[in-house]
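The sequence shown: position 154 = 154 (my numbering), numbered continuously. Here's the structure, in structure tokens; my notes come after.
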Amino acid sequence: MRWQIGEELGDGRCLAGAAERNKAPILEVLAGALPKSGLVLEIGSGTGQHVAHFARAFPKLDWQPSDVDEEMRRSIAAWIRRGPLANVREPISLDVQSLPWPIAVADAIVCINVLHVAPWATTRALFTGAREVLGSSACLFLYGPYRREGRHTAPSNERFDAELRAFDPEWGVRDLESVTEVANLAGFVRSEVVDMPANNLSLVFRRTATGAFSGGV
1 MRWQIGEELG DGRCLAGAAE RNKAPILEVL AGALPKSGLV LEIGSGTGQH VAHFARAFPK
61 LDWQPSDVDE EMRRSIAAWI RRGPLANVRE PISLDVQSLP WPIAVADAIV CINVLHVAPW
121 ATTRALFTGA REVLGSSACL FLYGPYRREG RHTAPSNERF DAELRAFDPE WGVRDLESVT
181 EVANLAGFVR SEVVDMPANN LSLVFRRTAT GAFSGGV
């Protein structure tokens with residue numbers, strides 16, 4: 001059984017309603033966080049709606065979408081073809097827990113709605129891998145629901161957390177402070193927290209020149 005992400009459109013694309021609703025607010029945050037040019041690696045691209053929207057908005061950036069799910073990679077490719085989008089590369093399979101990653105260098109990383117639908121080890125692996133491919137001060141952008149100081153920010157997030165944990169006990173809404181601690185240990189500092197619609201948060205982390213992941217979180 002797999003977590004339902006979107007509905008088939010009949011042309012190879014999948015459409016997720018949440019992605020349609022949140023792509024514009026996320027774009028506003030990315031406009032101030034991403035570099036003006038370079039390569040952006042998207043981890044867990046899902047249906048491909050986000051990368052298609054962002055690539056049109058930032059034509060000077062090259063985009064590398066990725067997903068571990070073959071069906072999602074087909075949907076991403078279909079969204080790229082429909083553009084057509086010359087600044088988006090073909091989607092690749094990337095499992096953050098499998099090092100080294102299949103991409104050696106990136107100028108920024110975007111990861112949307114992933115950490116809560118994956119084991120906690122994925123969070124640690126994400127920052128470990130990102131440390132290897134990002135240069136100093138480069139951006140790692142996260143989006144999704146988070147608890148703050150051990151509490152859910154809304155009843156809807158608490159219900160969603162229960163649904164996730166019922167589906168897979170290793171999943172669940174993550175604590176902002178725990179994610180930040182993992183980031184710090186890996187050599188990242190949190191530079192921005194932005195309240196988003198539907199009780200979500202956008203988090204911007206920046207790679208520092210020092211820092212080494214030591215585990216234990």
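All C-beta atoms in this analysis are idealised placements derived from N, C-alpha and C, irrespective of residue type, glycine included.
Of all C-beta pairs linking the stretch 119-132 to the stretch 93-108, three or more are shorter than 8 Å, placing the two stretches in contact. For ASN200, the enclosing beta strand (DSSP E) starts and ends at 200-207.
PRO59 is the residue among PRO59, VAL114, PRO100 and ILE112 whose C-alpha sits nearest the C-alpha of ARG89. If you ignore the 5 residues before and after SER202, its C-beta comes within less than 6 Å of the C-beta of VAL29, TYR143, VAL194 and MET196, all in its own chain and listed in chain order.
Relative to the Cα of LEU164, the nearest Cα in the group ALA186, VAL117 and ASN87 belongs to VAL117. Within the same chain, and ignoring the five residues on either side of ALA18 in sequence, no residue has its Cβ closer than 6 Å to its Cβ. Taking the CA atoms as reference points, PRO145 sits about 9 Å from LEU115. The criterion of a C-beta distance shorter than 7 Å is satisfied by ASN157 and ASN199. Distance check between GLU20 and each of ARG207, PHE54 and ASN87 places PHE54 closest, using alpha-carbon atoms only. Taking the C-beta atoms as reference points, LEU27 is found nearer than 7 Å to ALA57. Around the CB of VAL110, 16 or more other CB atoms lie within 10 Å, so the residue is classed as buried. Close CB contacts of GLU8 within its chain, under the 7 Å cut and outside five residues either way in sequence, are with CYS14 (chain order). PHE54: member of the alpha helix (DSSP H) spanning 49-57, first to last residue. Counting C-beta pairs with one atom in each stretch, the stretch 101-108 and the stretch 77-84 have fewer than three that are closer than 8 Å, which means they do not touch.
Judged by their CB atoms, ILE5 and GLY44 are not nearer to each other than the 7 Å cut-off. In the three-state DSSP reduction, SER37 falls in the coil class, being neither helix nor strand. Per DSSP, the beta bridge partners of TRP63 are VAL40 and VAL88.
In this structure, GLY150 and ASP175 form a Cβ contact; the two beta carbons are roughly 6 Å apart against a cut-off of 8 Å.
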